[in-house]
Structure formats: structure tokens, C-alpha cells
Amino acid sequence: QEIPVATVLVQGGLPTQENGPSTGPSKWLRWEDLWQSTLSRPDPRWMNAEDPLFILYTSGSTGKPKGAIRNHQGSYLIALATALEMEFSKADTGLLVMPMCHANSLYFATTFIHLGAACIIDDRRSFDPEALLATLSQEKVTFTSLVPTHYIMLLFSTSVGNFMLFCSGVWMLMGILMMRKMINFKV
1 QEIPVATVLV
11 QGGLPTQENG
21 PSTGPSKWLR
31 WEDLWQSTLS
41 RPDPRWMNAE
51 DPLFILYTSG
61 STGKPKGAIR
71 NHQGSYLIAL
81 ATALEMEFSK
91 ADTGLLVMPM
101 CHANSLYFAT
111 TFIHLGAACI
121 IDDRRSFDPE
131 ALLATLSQEK
141 VTFTSLVPTH
151 YIMLLFSTSV
161 GNFMLFCSGV
171 WMLMGILMMR
181 KMINFKV
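For the sequence shown, the working numbering assigns the number 1 to the initial residue and increments by one for each residue that follows.
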């Protein structure tokens with residue numbers, strides 16, 4: 001069942017007939033206006049560890065769509081475990097390229113937020129390998145998470161240059177090395 005969206009949050013200008021949908025949400029709200037409205041509010045409401053933080057929608061192993069409610073405590077524990085396992089610190093800079101509705105981006109964003117580390121959200125409509133490489137270099141990014149398709153697109157990028165590529169998983173690394181050989185890159 002489709003649930004109608006009442007409000008859409010946007011950054012920058014609001015969509016018009018020319019650059020946005022003609023139908024859709026009844027209210028468009030600029031991020032900047034929402035932020036300004038919070039500055040004049042009284043003390044924030046305290047949350048309990050068990051209070052919901054966000055809902056992830058998934059089909060999971062059953063193939064049937066459902067919402068998975070994550071609470072503050074669970075999110076914090078995943079962030080802590082991720083930071084410890086991957087040895088992240090406040091000095092790190094993360095670059096998130098997957099949609100913020102995806103568990104990968106939500107969990108890594110939460111990790112960097114809890115650490116007080118920099119977290120850059122790439123809000124492009126689709127993955128751009130050239131822009132990714134530029135951001136990695138300009139922002140001194142120490143971590144990003146990509147899917148295999150992203151790595152393949154990077155291999156065909158004209159500006160790969162002197163980037164060091166670290167992959168987890170033997171099969172991913174073997175696939176990348178095979179792809180590099182097929183397109184005549186030096187390994």
C-alpha cells in the first residue's frame with residue numbers, strides 16, 4: 001500500500017513547476033528553514049535508550065516489505081562496535097555515497113556522529129566516479145563504503161590516478177584485479 005508523503009525536506013531552493021514534480025507532497029520545507037526553527041525552541045526533549053530513532057524498510061530474507069524499527073541504544077551499540085572494529089576516531093572523515101535510507105549509510109553516519117568525526121554526505125542523484133575521486137582528495141576522506149558496481153565504475157574512470165584501493169573480501173579483490181587486466185590496466 002502506498003503511503004502519501006505530506007512533507008518533503010529539501011536543501012537549497014524549493015522545486016517549481018519547471019524543476020520539480022507537478023504532483024506530490026502537499027508541503028515542501030527547506031532544510032535551512034527547519035534548522036532555523038529549532039534554534040528558538042526551549043530545551044530539547046530527553047529521549048530514552050529504547051525510544052525509536054528511525055525505521056528502515058527492508059524485504060529481508062522473506063522478500064516481504066516491512067519496517068524495522070531501530071532504537072537509540074541499538075544504534076549507539078552498532079556505532080560503538082563499528083568504531084572499535086574499524087578503529088575509527090574523531091580524526092576520521094567519512095564519505096557516504098549510498099542513499100541515507102540505506103542501512104550502510106545510516107549506520108556509518110551514526111558512527112561518525114557519535115565520534116564527533118566529519119561525515120560528508122554525497123547527495124548526487126546517481127554515483128559519479130569522477131566526483132567521488134575529487135571529493136576523496138579534496139576533503140582528505142579516510143573512509144568510504146562502496147558496492148562492487150561503484151568499484152567497476154571507478155576502474156573505467158579516466159582520472160583514477162594515484163589512488164590506493166583497499167577492498168574487503170578476497171572475491172571482490174580478485175574480481176577487481178581481473179577487471180583491471182581485461183581493460184589493460186597495470187596490476
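Ideal Cβ positions, reconstructed from N, Cα and C, are used throughout, including at glycine. Given the structure is predicted, the values throughout are model-derived calculations rather than measurements.
Candidates the options: closest to residue i by CA position
i: residue 137; options: 149, 120, 153 and 125; result: 120
i: residue 142; options: 87, 50 and 74; result: 87
i: residue 95; options: 145, 150 and 33; result: 145
i: residue 92; options: 101, 102, 76 and 111; result: 111
i: residue 152; options: 129, 85 and 53; result: 129
i: residue 105; options: 54, 37 and 33; result: 54
i: residue 97; options: 133, 83 and 155; result: 133
i: residue 124; options: 58, 117 and 99; result: 99
i: residue 108; options: 154, 131 and 80; result: 80
i: residue 83; options: 122, 52, 117 and 60; result: 117
i: residue 70; options: 37, 101 and 135; result: 101
i: residue 59; options: 51, 32, 75 and 103; result: 103
i: residue 74; options: 85, 127 and 51; result: 51
Rounded straight-line distance, which links the Cα of residue j to that of residue i
i: residue 24; j: residue 35; result: Confidence is the limiting factor: at residue 24 the pLDDT is only 47, short of 50, which leaves the residue's position unreliable, though a coordinate-based value still follows. Looking at the two C-alpha atoms, the distance is approximately 23 Å.
i: residue 72; j: residue 49; result: 5 Å
i: residue 65; j: residue 56; result: 10 Å
i: residue 22; j: residue 77; result: For residue 22, the predicted structure reports a pLDDT of 45, less than 50, and the residue's modelled location is therefore unreliable. The matter cannot be settled from this model.
i: residue 39; j: residue 45; result: 14 Å
i: residue 147; j: residue 113; result: 22 Å
i: residue 150; j: residue 122; result: 14 Å
i: residue 1; j: residue 63; result: Unreliable positioning characterises residue 1 in this predicted model, as indicated by a pLDDT of 43, which lies under 50. A coordinate reading is not provided.
i: residue 131; j: residue 37; result: 33 Å
i: residue 155; j: residue 85; result: 28 Å
i: residue 135; j: residue 61; result: 35 Å
i: residue 32; j: residue 157; result: 35 Å
i: residue 127; j: residue 43; result: 39 Å
i: residue 68; j: residue 47; result: 19 Å
Nearest-angstrom beta carbon gap, residue j and residue i [assumed within contact, 8 Å]
i: residue 115; j: residue 90; result: 5 Å
(request) Please specify which runs of the alpha helix (DSSP H), each continuous and at least 4 residues long, are wholly inside the region 71-121, giving them in chain order. (result) 72-86 and 103-115
(request) Tell me the start and end of each unbroken beta strand (DSSP E) in the region 126-154 that is at least 3 residues and wholly inside, in chain order. (result) Every candidate beta strand (DSSP E) stretch fails here, since none sits fully inside the region 126-154 while reaching 3 residues.
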